[in-house]
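Asker: Chains as they are written, first to last, in the working numbering: chain A, 3 to 337; chain B, -11 to 79.
All C-beta atoms, glycine included, are put in the ideal place defined by N, C-alpha and C.
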Amino acid sequence: MDLEKAASFIESEWIFLNRVHKQWSLTEGPQDMELVAHALRCLLHMGKAGESLPEYQALIKAQHADGGWGRESEEKESAAWVSAFCALMLIWANAVLQHSEVEKGVWKSIDYFLQGQKPDGRWVDNEWGDLDTTSHPVSFFNVVLALGTPKMKEHVRSAWRKGLRFILEGQSPDGGWYDQKFHPSGVETTAHLGQDAVVASLALAEGLPVRPSAEKALNWILNHQAPDGSWDGQNMDHTMDCTRSTLLISRMIRAEERCRTALDKALEWIAANKTQPHGWPDFPGEELSMERTCDGLDVLLKYQAWRQTDPLEVVRRWGYVPGNPTFIRGAEVQV
Amino acid sequence: MEELKSGESRVVDVDGQEVALFNVDGAAYAISNRCAHRGGPLSRGHLEGTAVRCPLHGWLFDLRTGICLNQPEVSLPVYPVFCEDGKFCIK
Chain A
3 MDLEKAASFI ESEWIFLNRV HKQWSLTEGP QDMELVAHAL RCLLHMGKAG
53 ESLPEYQALI KAQHADGGWG RESEEKESAA WVSAFCALML IWANAVLQHS
103 EVEKGVWKSI DYFLQGQKPD GRWVDNEWGD LDTTSHPVSF FNVVLALGTP
153 KMKEHVRSAW RKGLRFILEG QSPDGGWYDQ KFHPSGVETT AHLGQDAVVA
203 SLALAEGLPV RPSAEKALNW ILNHQAPDGS WDGQNMDHTM DCTRSTLLIS
253 RMIRAEERCR TALDKALEWI AANKTQPHGW PDFPGEELSM ERTCDGLDVL
303 LKYQAWRQTD PLEVVRRWGY VPGNPTFIRG AEVQV
Chain B
-11 MEELKSGESR VVDVDGQEVA LFNVDGAAYA ISNRCAHRGG PLSRGHLEGT
39 AVRCPLHGWL FDLRTGICLN QPEVSLPVYP VFCEDGKFCI K
């Protein structure tokens, strides 16, 4: 996909996301927290976090006393996966906001994950597999180690190592991660664990030696792409996950050339299967899904970063580059 | 019946409800098309014997009973299917 086409999609989808603010913003009322987190990630990468403090204050208001979040903003029970995603939004945004209330929210999240970790390093969520569930707190801790305060880093270091070891030990010899209970095909789990847990270690000064694991995961993802460019039976969510994972891992292990054709095919498939006039569906031909629409915008923003001359720009979109908050997109889009 | 081969699925409208119809080794099963978890389309799911796995988050439903095998407290409506004049009919 050429950059002009990507920029055109980004502008149009961003305008749409703003137009349907009521459908995803906690400032408008109760929401599905997975959708809130997906939308806030777009807001961050569009360079709008600094002027969106009310969105993050609403996120903190929805945070439970234990430091987690429910799947729905009004649900009382915290869930690990969505809590990790919300915690990531807080720490990323606070790289820009530098706000004490947001920092307190990050601390509460850290405590939530430290309390919830099992002795073997995993986190559990009764609605999802343990490997994938574990990847998201590890991803949050990766970002804490890159962007957090020295005290925060000290707090999470040991739990982060245990979580990462649990993931590394769970990788199959073929490079994939499988969950027999929830996701036997392994596509989404492998895409998540590659980008959200393992490869970050290559960016962190104190990281574990994970390069062989990342290389095997990348090969697994490339080998499982369908000829049309999609993954997992034309599953839009999993295709977007695999695309993002390929962007990040290929940059971290300098395998861009090997991945270029696969990425081009994936992005063309994603573009060809948009809903019209805006958004993306869960599967081709279905109606628009707001969560997939946010994912689509996020993928394009990461692809745009991957194409920039600064090789670290795409890594900054995950927040894995220590001490540098410049992952915020410079270019502005007028709404 | 000829149009729906073994291992395939189809979404049909039954009184305004989306129903996923599956052919498993010549036997037909009908179940509500939307997963009880996050509304994923079961017609796009993976068949595992006489169960279908939701393509979004992996919930596995027994096509004979509608019971979710990894969240047993949850179930979906299933509908009896019979064959008449070469067509699948849902009661």
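Assuming A:A193 contacts A:D243 (C-beta within less than 8 Å), just tell me the rounded distance between them.
Answerer: Your numbering for residue 193 of chain A matches position 191 in the first sequence. Your numbering for residue 243 of chain A matches position 241 in the first sequence. So it is a contact: roughly 4 Å between Cβ atoms.
Asker: In chain order, which alpha helix (DSSP H) runs of at least 4 residues are fully inside the segment 26 to 88 of chain A?
Answerer: Taking only runs of at least 4 residues, the alpha helix (DSSP H) segments lying wholly in the segment 26 to 88 of chain A are 35 to 47, 55 to 63.
Asker: At 9 Å on the CB atoms, spell out the chain A contacts of B:R32, in chain order.
Answerer: The residue given as residue 32 of chain B occupies position 44 in the second sequence. The contacting residues are G235, Q236, N237, D284, F285, E288.
Asker: The alpha helix (DSSP H) that contains A:Q306, what's its start and end?
Answerer: Mapped onto the first sequence, residue 306 of chain A falls at position 304. A:Q306 -> alpha helix (DSSP H) spans 292 to 308.
Asker: Does A:W369 have its Cβ less than 9 Å from a Cβ in chain B?
Answerer: Residue 369 of chain A falls outside the range modelled here, since chain A spans only 3 to 337, and no answer is possible.
Asker: Could you compute how far the alpha carbon of A:S141 sits from the alpha carbon of B:A24?
Answerer: Indexing the first sequence from 1 puts residue 141 of chain A at position 139. Indexing the second sequence from 1 puts residue 24 of chain B at position 36. About 28 Å.
Asker: So A:G177 packs on A:N221, CB below 8 Å; how close in whole Å?
Answerer: The sequence position of residue 177 of chain A within the first sequence is 175, counting from 1. The sequence position of residue 221 of chain A within the first sequence is 219, counting from 1. With 8 Å as the limit, A:G177 and A:N221 qualify as a contact, their Cβ atoms being about 6 Å apart.
Asker: When you compare the segment 76 to 87 of chain A with the segment 130 to 145 of chain A, are there three or more beta-carbon pairs, one atom per stretch, that lie closer than 8 Å?
Answerer: In short, these stretches touch, since the Cβ pair count reaches three.
Asker: Here's the rule I'm using: 16 or more other beta-carbon atoms within 10 Å means buried, otherwise exposed. How should A:K276 be labelled?
Answerer: Taking the first sequence and counting its residues from 1, the one referred to as residue 276 of chain A is at position 274. Burial call: buried.
Asker: Going by DSSP, which residues form a beta bridge with B:N109?
Answerer: Residue 109 of chain B is absent from the structure shown; chain B starts at -11 and stops at 79.
Asker: With three or more C-beta pairs closer than 8 Å as the rule, is the segment 274 to 291 of chain A touching the segment 251 to 264 of chain A?
Answerer: As far as the Cβ criterion goes, the segment 251 to 264 of chain A does not touch the segment 274 to 291 of chain A, which means the pair count is below three.
Asker: Using a Cβ cut-off of 9 Å (strictly closer), state whether A:H185 contacts chain B.
Answerer: Reading the first sequence from its first residue, position 183 is the one you call residue 185 of chain A. Chain B, which has a Cβ nearer than 9 Å to the Cβ of A:H185, makes this yes.
Asker: Buried or exposed for B:G(-5), going by 16 or more other Cβ atoms inside 10 Å?
Answerer: Your numbering for residue -5 of chain B matches position 7 in the second sequence. So B:G(-5) ends up on the exposed side.
Asker: Which chain A residues are close to B:H11, counting only those with a beta carbon under 7 Å from its beta carbon?
Answerer: Looking up residue 11 of chain B in the second sequence gives position 23. It is Asn, not His, that sits at residue 11 of chain B in the sequence shown. In chain order: nothing, as chain A lies at least about 17 Å away.
Asker: Quick check: the segment 43 to 56 of chain B against the segment 305 to 322 of chain A, are at least 3 beta-carbon pairs closer than 8 Å?
Answerer: The segment 305 to 322 of chain A vs the segment 43 to 56 of chain B: no contact.
Asker: At 9 Å on the CB atoms, spell out the chain B contacts of A:W125, in chain order.
Answerer: Taking the first residue of the first sequence as position 1, residue 125 of chain A is located at position 123. Neighbours of A:W125 on chain B: none; closest Cβ ~16 Å, over 9 Å.
Asker: By Cβ distance below 7 Å, which residues in the same chain neighbour B:G33 in space, the five residues on each side in sequence not counted?
Answerer: On the second sequence, residue 33 of chain B is found 45 positions in, with the first residue counted as 1. Closer than 7 Å at the Cβ level, and outside the excluded window around B:G33, lie V40, R41, C42, P43.
Asker: Strictly below 7 Å CB to CB, what residues from chain B border A:W130?
Answerer: As a position in the first sequence, residue 130 of chain A is number 128, starting the count at 1. Within 7 Å Cβ-Cβ: H45.
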